[in-house]
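In my numbering, the protein residues as written are 4 to 419.
Set out below in structure tokens:
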């Protein structure tokens, strides 16, 4: 748990999450690859490759390679992206001109400690080079006092262009100089609240970016800390919070490209590769809404995700989640055989569902799939909450998935 909390704290954006994931995998004996280089893969090898500095795919090459066992998660979380020429100065203040990134619960970001993080691109003698950046200073988005906004507790809808701008200084400030005068940058204002435990027995963990760095770290732990048979893949992709419409996201070809190159290294032709893909299994790992203690009526009457109930298997008639009867039954069987606690989740039928990267990834890699997560409160808040033992159950469940030999047929799944 200590290592997971450290990962949450230091992975401010998808760029830092990817950097920290790569460092973790190196310590576990994984070898780095580059998409631009030739790959010479060996049996029982452990590898990882990054794309755009914000996404990472790790894989292990076991002997039993009937189908690929894939866990997909995402490295990004809701926050605020800085625009170019971010310093907005007038006679009184310098603020940072930002726009919302993802569907955040924006009122929770007010009066919080925020840092500026991401990557900045600098000119070099040979061209340009990107470097990850985290500010030494903090900023905040100050609330308007209740005396000046008497309706705030009844009807508060912040305007993204006027109300959500972080305060940098009470004078004109050269923000570009604070970042080292980059040519360009992908920088974000992100919550810098320290993770903390709560509850009478310390059973809860609250922190920024639990959605979905929990899925990222749990999949990395599962693939790195145990020896599994077959070919295991942990795909930590970017851009989910904005619809995965980025090159390093589920809507891009990153996962499909890596799987094809693994097949080529194994000597598989196109026919054999397609057969392998059709026999594979993908877990989309992204958290679910927990039963809320103060608003239980917001949950489905028979499929409520309870904190402490273990891994959540998510379903949706409209396809927001990829689970179907066969994939749900397969993962339930894997979990039951391994003693992993699990439960089911559906949204209320009169409420709009969220979605995950799973459904989008199927447009690139058409693999049988199931949507999983753990139950959390305050999704997309600046600070989110889980029960700590659910995180441990997630690692245990993903380990069980990677350790199983799962092979698909049209109407049956072989599970060993």
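Beta carbons are placed, not taken as given, at the ideal position from N, Cα and C, and that holds for glycine. Given the structure is predicted, the values throughout are model-derived calculations rather than measurements.
Nearest-angstrom Cβ-Cβ length linking residue 308 and residue 378, presumed shorter than 8 Å: As a working mapping, residue 308 is identified with position 305 in the chain shown. As a working mapping, residue 378 is identified with position 375 in the chain shown. Taking a contact as a CB-CB distance under 8 Å, the pair residue 308 and residue 378 counts as one, their CB atoms being some 4 Å apart.
Span separating the alpha-carbon of residue 186 from that of residue 34: As a first step, residue 186 must be located in the chain shown, where it is residue number 183. As a first step, residue 34 must be located in the chain shown, where it is residue number 31. For residue 186 and residue 34, the distance between alpha carbons rounds to 31 Å.
Every unbroken alpha helix (DSSP H) inside the stretch 264-309 [4 residues or more]: 273-281
Residue range of the beta strand (DSSP E) that includes residue 175: Counting from one through the chain shown, the residue named residue 175 turns up at place 172. Here residue 175 belongs to no beta strand (DSSP E), and DSSP marks it neither H nor E.
Contact check, residue 21 vs residue 58, beta carbons under 8 Å: To locate residue 21, count along the chain shown from 1; it is residue 18. To locate residue 58, count along the chain shown from 1; it is residue 55. A contact, by the Cβ cut-off of 8 Å.
Identity of the residues DSSP links to residue 411 by a beta bridge: Walking along the chain shown from the start, residue 411 turns up at place 408. Paired residue(s): 416.
Cutoff 7 Å; reference residue 23; Cβ partners in own chain excluding five residues on either side: Counted from its first residue, the chain shown places residue 23 at position 20. Excluding positions up to five away in sequence, the list reads 10, 13, 14.
Same chain, Cβ closer than 6 Å to residue 261, neighbours up to 5 away in sequence not counted: Mapped onto the chain shown, residue 261 falls at position 258. 60.
Sub-8 Å separation of residue 75 and residue 285 beta-carbons: In the chain shown, counting from the first residue as 1, residue 75 sits at position 72. In the chain shown, counting from the first residue as 1, residue 285 sits at position 282. The answer is yes: Cβ separation under 8 Å.
Sheet register partners of residue 348 (DSSP bridge): Looking up residue 348 in the chain shown gives position 345. Its beta-bridge partners are 317.
Residue 135 - partner residues in DSSP beta bridges: Position 132 of the chain shown, counted from the first residue, corresponds to residue 135. Answer is 122.
Supposed close pair residue 207, residue 390 - CB separation, criterion 8 Å: The residue labelled residue 207 in the question sits at position 204 within the chain shown. The residue labelled residue 390 in the question sits at position 387 within the chain shown. Between residue 390 and residue 207 the Cβ distance is about 6 Å, and since that is below 8 Å, they are a contact.
Boundaries (first-last residue) of the alpha helix (DSSP H) holding residue 340: Residue mapping note: residue 340 aligns to position 337 of the chain shown, counting from 1. Counting along the chain, the alpha helix (DSSP H) containing residue 340 begins and ends at 328-341.
Limits of the unbroken beta strand (DSSP E) element including residue 214: Within the chain shown, the letter at position 211 stands for residue 214. From DSSP, residue 214 is part of no beta strand (DSSP E) but of the alpha helix (DSSP H) over 213-228.
Pairwise C-alpha distance: residue 265 and residue 119: Along the chain shown, read from residue 1 onward, the residue named residue 119 stands at position 116. Along the chain shown, read from residue 1 onward, the residue named residue 265 stands at position 262. Cα-Cα distance, rounded: 37 Å.
Which listed residue (133, 7, 125) has its alpha carbon closest to that of residue 54: Reading the chain shown from its first residue, position 51 is the one you call residue 54. The shortest C-alpha separation from residue 54 is found at 133.
For residue 137 and residue 170, the rounded distance between their alpha carbons: Within the chain shown, residue 170 is the residue found at index 167, counting from 1. Within the chain shown, residue 137 is the residue found at index 134, counting from 1. Taking the straight line from one Cα to the other gives about 17 Å.
Beta-bridge partners of residue 130, as assigned by DSSP: Position 127 of the chain shown, counting from 1, holds the residue named residue 130. Residue 130 is bridged to 127.
Closest residue to residue 143 among 122, 180, 101, 124 (Cα-Cα distance): Looking up residue 143 in the chain shown gives position 140. Among 122, 180, 101, 124, the Cα nearest to that of residue 143 belongs to 101.
Inter-residue Cα distance where the pair is residue 194 and residue 39: Translated into positions along the chain shown, residue 194 becomes position 191. Translated into positions along the chain shown, residue 39 becomes position 36. When rounded, the distance between both Cα atoms is 34 Å.
C-alpha distance - residue 301 paired with residue 293, whole-angstrom precision: The residue you call residue 301 lines up with position 298 of the chain shown. The residue you call residue 293 lines up with position 290 of the chain shown. Roughly 10 Å between the two C-alpha positions.
Distance, residue 162 Cα to residue 289 Cα: The count along the chain shown starts at 1 and reaches residue 289 at position 286. The count along the chain shown starts at 1 and reaches residue 162 at position 159. For residue 289 and residue 162, the distance between alpha carbons rounds to 29 Å.
Coil, strand or helix - residue 109 by DSSP: In the chain shown, counting from the first residue as 1, residue 109 sits at position 106. It is helical.
Nonlocal neighbours in the same chain, by C-beta distance under 8 Å from residue 316, ignoring five residues either side: Counted from its first residue, the chain shown places residue 316 at position 313. Closer than 8 Å at Cβ, skipping near neighbours: 326, 331, 334, 335, 345, 346, 347, 348, 373, 374, 375.
Residue 19, buried or exposed, once every other Cβ within 10 Å from all chains shown has been counted against 16: On the chain shown, position 16 is the one that residue 19 refers to. Looking at its Cβ environment, which holds 16 or more other Cβ atoms inside 10 Å, residue 19 is buried.
Other residues of its chain near residue 338: CB distance less than 7 Å, five sequence neighbours each side excluded: Within the chain shown, numbered from 1, the residue matching residue 338 stands at position 335. Around residue 338: 314, 345, 400, 403.
Alpha carbon of residue 412 to alpha carbon of residue 79, nearest angstrom: Taking the chain shown and counting its residues from 1, the one referred to as residue 412 is at position 409. Taking the chain shown and counting its residues from 1, the one referred to as residue 79 is at position 76. Inter-residue distance for residue 412 and residue 79 is about 34 Å (C-alpha atoms, whole angstroms).
Backbone secondary structure at residue 189 - three-state DSSP: Here residue 189 refers to the residue found at position 186 when the chain shown is read from its first residue. Secondary structure of residue 189 (DSSP, three-state): strand.
Backbone secondary structure at residue 257 - three-state DSSP: Within the chain shown, numbered from 1, the residue matching residue 257 stands at position 254. Three-state result, residue 257: helix.
Selected residue, minimal CA-CA separation from residue 241, among 321, 27, 105, 30: Start at 1 with the first residue of the chain shown, and residue 241 comes out as number 238. Answer by Cα proximity: 105.
Simplified DSSP assignment, three categories, for residue 21: Taking the first residue of the chain shown as position 1, residue 21 is located at position 18. Of the three classes helix, strand and coil, the one that applies to residue 21 here is helix, per DSSP.
Reference residue 205; option with closest CA among 392, 280, 353: As a first step, residue 205 is located in the chain shown; it is residue number 202 there, counting from the start. Looking at the Cα atoms, 392 is the closest of the given residues.
Where residue 57 falls: helix, strand or coil (DSSP): Here residue 57 corresponds to residue number 54 of the chain shown, with the count starting at 1. Residue 57: coil per DSSP, three-state reduction.
Beta-ladder partner(s) of residue 372, from DSSP: If you number the chain shown from 1, residue 372 lands on position 369. According to DSSP, residue 372 bridges with 285.
Residue(s) in a DSSP beta bridge with residue 388: Here the question's residue 388 lines up with position 385 in the chain shown. In DSSP, residue 388 forms a bridge with 209, 380.
Residue nearest to residue 126 in terms of C-alpha spacing, selected from 188, 323, 85: By 1-based counting over the chain shown, the position of residue 126 is 123. Measuring from the Cα of residue 126, the nearest candidate turns out to be 188.
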